[in-house]
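The block underneath contains the structure these notes are about, expressed in structure tokens.
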Amino acid sequence: MSLPTLDFSLILPELVVLITALLVLIADLLWPRAASRGREQAPAVLALAGLILAGLLTLLAGEWSGATLQGMLVADALARYLNLVVLLAAALGLLLSWSYLPHFSTQRSEYYALYLLAVAGMLFLGKSIELITLFVSLEILSIALYVLTGFHRGQLAGGEAALKYFLLGAFSSGFLLYGAALFYAATGATRLADIAAQNAGGFYMLAGLALFLVGLGFKLAVAPFHMWAPDAYQGAPTPVTAFMSVGTKAAALVALFRVVQAAGSVPVGVWATALAFLSLLTMTLGNLAALRQSSLKRMLAYSSIAHAGYLLVGVVAGTAAGFDAVLFYLFAYAFMNIGAFAIASLLERPGFYAVQDAGIHAADGLFGRRPWLAVAMAMFMLSLAGIPPLAGFFGKLYLFAAAVESGWAWLAVAGVLNSVISAYYYLRVVVGMFMAEPSASAHLRLPLPASATLAVALTALGTLLFGLLATPWFQGISR
Amino acid sequence: MPLLFAALALIALVGAAGVLLSRNPVYSALSLLLNFVAFAVMYVMLSAQFLGVVQIIVYAGAIVVLFLFVVMLIGGNLPALGRGRRAYVRAAGVILAALFLLALLFGLARPLPNGLAAVGAPDGGSVQALGLALYVDHIVPFELASILLLTAMLGGIVLARRYQAPPKD
Amino acid sequence: MVPTHYYLILAAIIFSMGALGVLVRRNALIIFMCVEMMLNAVNLTLVALANQWGNLSGQVFVFIVMAVAAAEVAIGLAIVMAIVRHKDTINVEEINLLKW
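Protein chains in written order, with our numbering: chain L, 2 to 480; chain G, 27 to 195; chain Z, 9 to 108.
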């Protein structure tokens, strides 16, 4: 017997993120806050540096060939794209936290350490090709996010959101775990490759896949398993909401894709039909609920649920083109959604974050106050609604095209109709910004911290460039 | 063995029913303990001796005690969820759970894919065999579990510390 | 020997009872206990299957699930405590978020 030799170079970006998390914790001890004015942001700087380094390592490593770490974690093209999406979303969310966090918490290094651990969990989840590894990765990110959701402990809403998110998250973990156990029952294996190779059929695979869908459906906030999402998204600090609405979705979708591939013996028609109905239900419910929200943040939370529905369309298509479209949409979504949340966070009243949620009219008259911010917000809203030539339009185009190609025309039609519904509430914000007078309670001079401005600029640029250069990007992904 | 199984199954079910039905969370926690201990004995029957011991130490020794501790600490001041939860919601819950169980029983009542006879865990499920499986074959999830525990520890500290509002300047 | 699927059926019943508890109970701690019961039911399934298939992956899985359960309990109870402590200082009328 000998101890296994592990090729850790396969998980280099993840290790960088983890080590940064530890350094961030130690940084607090090295530079006690009281003694060092001007170094309050040391944890944020470190965390950002770690994320950028991990991103560079992912980019520069060239093609990931699909080598595996003991058949548990795989470094393939899919994982590489996921790494990029998650690290991008994390870096943008971190820029938002930079100026947001000091308003409500003094526990900076804990915040950034948990944030990085959540990132690491997502990256590992995207690489997992074995059930135990997949489950642990999912739990790492979930537990870190439960705490981050309740991080604003000065107000009850955060704690209640955390409790609700936690209880339903743990509940869903139970289902996911049961699904994994039934896969094991059917095949006696836990590696996805072995499960696929066994090609076992019957009740166990079918029920296992169904339970897995329920478990991951909760994490993805797919209707009817979405009831935690509006409260958690609203109660969490806005930068956390921005980050987790993109990162969790991306990682869970990749996991879903890998599991669905492994359960190849289950007839495609069965799970694809189930997923198609879930997707239809999710986008319809999300959009209809978003129509009648009075809080900007809650509206964006429901819009985020609706987008989980759009993203599922690509998984339903079941083809490589379908999942490439999902990956493209995730990039576009990272930009436009985090941008929208960034502006929502700027519209909140400093010092009373989330208690004084930005109302649906908070953006009224923004063009007169901060013209560039209004233009950026208009871009995010139009892109989320799927209006050309912005990133969101092409994302939806590729998704729905993939669905039509593999015979899911009705789902594509439903998606288009839903986009039309959603345009109403997105455009309402845009019209308010340019036409309406600012409400009496609004800040006339909106404070604009440099880091958040940078985040808005980057997301706006991304939304525009991803739209204009959609075709070469998409070809790059599908290559 | 079948007799022992029947007795343990009965204890486990009684425990589960106790968690589900009792008004007082202390009784729920104690019923949960009953359920956990019955499972621990079953693990030994299923050639997982080490897991049986760990089940007692972790679940009975740590988890149930932690539950009891919190119940005692906060007394009757428990957060109740789902105010406005109506009777029909409860009925829907019962129906959903019953349907779920029926669907599972329908499938599980048949023999497993690899036949009726259990192969039995390698080496009788000895600690050595389990250690090899854990540290050699499954070292990656094992290491990830350490990250998970670090996350939980950090989160626990964050949530337990008294909240300090940042100074307003 | 007791056939493996007896264990699986017992686990399925207890899992469903746990799920039922989550759906109908209102006390956060009891809901949480029901979740723990569900995880335990899956553990029994996994141990029985490890015995059935003759490999130890199932037992390793249970090991990891126990670590996860311990972590979840630590976090969950900390969240409950944080809320309860809060209620002493803040007007309870404010709690209206948690309708589901």
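All residues carry an ideal CB built from backbone N, CA and C; glycine is no exception.
Supposed close pair residue i, residue j - CB separation, criterion 8 angstroms
i: residue 34/G; j: residue 64/G; result: 5 angstroms
i: residue 44/Z; j: residue 77/Z; result: 6 angstroms
i: residue 5/L; j: residue 79/G; result: In fact, because the Cβ distance is near 26 angstroms, the residues do not count as touching under 8 angstroms.
i: residue 48/Z; j: residue 61/G; result: 7 angstroms
i: residue 12/L; j: residue 69/L; result: No, residue 12/L and residue 69/L are not in contact; Cβ-Cβ is about 11 angstroms, not under 8 angstroms.
i: residue 239/L; j: residue 346/L; result: 4 angstroms
i: residue 319/L; j: residue 273/L; result: 6 angstroms
i: residue 343/L; j: residue 460/L; result: 6 angstroms
i: residue 29/Z; j: residue 38/Z; result: 7 angstroms
Cβ neighbour criterion (16 or more within 10 Å) applied to residue i
i: residue 352/L; result: Only weak support exists for where residue 352/L lies, its pLDDT of 47 falling under 50; the coordinates are left without a value.
i: residue 411/L; result: exposed
i: residue 8/L; result: exposed
i: residue 137/G; result: exposed
i: residue 295/L; result: exposed
i: residue 125/G; result: exposed
i: residue 128/G; result: exposed
i: residue 95/G; result: exposed
i: residue 472/L; result: exposed
i: residue 3/L; result: exposed
i: residue 279/L; result: buried
i: residue 89/L; result: buried
i: residue 132/G; result: exposed
i: residue 427/L; result: buried
i: residue 110/G; result: Unreliable positioning characterises residue 110/G in this predicted model, as indicated by a pLDDT of 49, which lies under 50. A coordinate reading is not provided.
i: residue 36/L; result: Unreliable placement is indicated for residue 36/L, whose pLDDT of 49 sits below 50; the coordinate value is still reported in the next sentence. The residue is exposed, with fewer than 16 neighbouring Cβ atoms inside 10 Å.
i: residue 365/L; result: buried
i: residue 121/G; result: exposed
i: residue 44/L; result: buried
i: residue 241/L; result: buried
Residues near residue i by beta carbon distance below 6 angstroms, same chain, minus five either side
i: residue 413/L; result: 401, 404, 405
i: residue 22/L; result: 114, 117, 118
i: residue 72/L; result: 192
i: residue 563/L; result: This structure cannot speak to residue 563/L, because chain L is shown only from 2 to 480.
i: residue 121/L; result: 15, 18, 19
i: residue 219/L; result: 173, 226
When the options are compared against residue i, the one with the closest alpha-carbon
i: residue 257/L; options: 212/L, 205/L, 62/L, 156/L; result: 212/L
i: residue 338/L; options: 109/L, 364/L, 307/L, 360/L; result: 307/L
i: residue 453/L; options: 279/L, 374/L, 422/L; result: 374/L
i: residue 91/G; options: 77/G, 113/G, 72/G, 53/G; result: 53/G
i: residue 167/G; options: 188/L, 53/L, 286/L, 135/L; result: 135/L
i: residue 85/Z; options: 158/G, 172/G, 182/G, 45/G; result: 182/G
i: residue 201/L; options: 93/L, 230/L, 324/L, 266/L; result: 266/L
i: residue 171/L; options: 128/L, 217/L, 153/L, 298/L; result: 217/L
i: residue 110/L; options: 126/L, 152/L, 83/L, 75/L; result: 152/L
Interface flag, residue i vs chain Z, CB-CB below 8 angstroms
i: residue 114/G; result: no
i: residue 87/G; result: no
i: residue 56/G; result: no
i: residue 59/G; result: no
i: residue 127/G; result: yes
i: residue 98/G; result: no
i: residue 184/L; result: no
i: residue 201/G; result: Outside the displayed span of chain G (27 to 195) sits residue 201/G, for which this structure offers no information.
i: residue 167/G; result: yes
Chain G contact for residue i (CB, 8 angstroms cutoff)
i: residue 89/Z; result: yes
i: residue 46/Z; result: no
i: residue 68/Z; result: yes
i: residue 43/Z; result: no
i: residue 25/L; result: no
i: residue 50/Z; result: no
i: residue 106/L; result: yes
i: residue 145/L; result: yes
i: residue 31/L; result: no
i: residue 154/L; result: yes
Own chain partners of residue i with C-beta closer than 8 angstroms, once the 5 adjacent residues on each side are dropped
i: residue 464/L; result: 333, 336, 337, 340, 380, 381, 384, 391, 392, 393
i: residue 232/L; result: 161, 162, 165, 166
Residue-level contact to chain L via CB, residue i, 8 angstroms cutoff
i: residue 63/Z; result: yes
i: residue 74/G; result: no
i: residue 53/G; result: no
i: residue 76/Z; result: yes
i: residue 84/Z; result: yes
i: residue 17/Z; result: no
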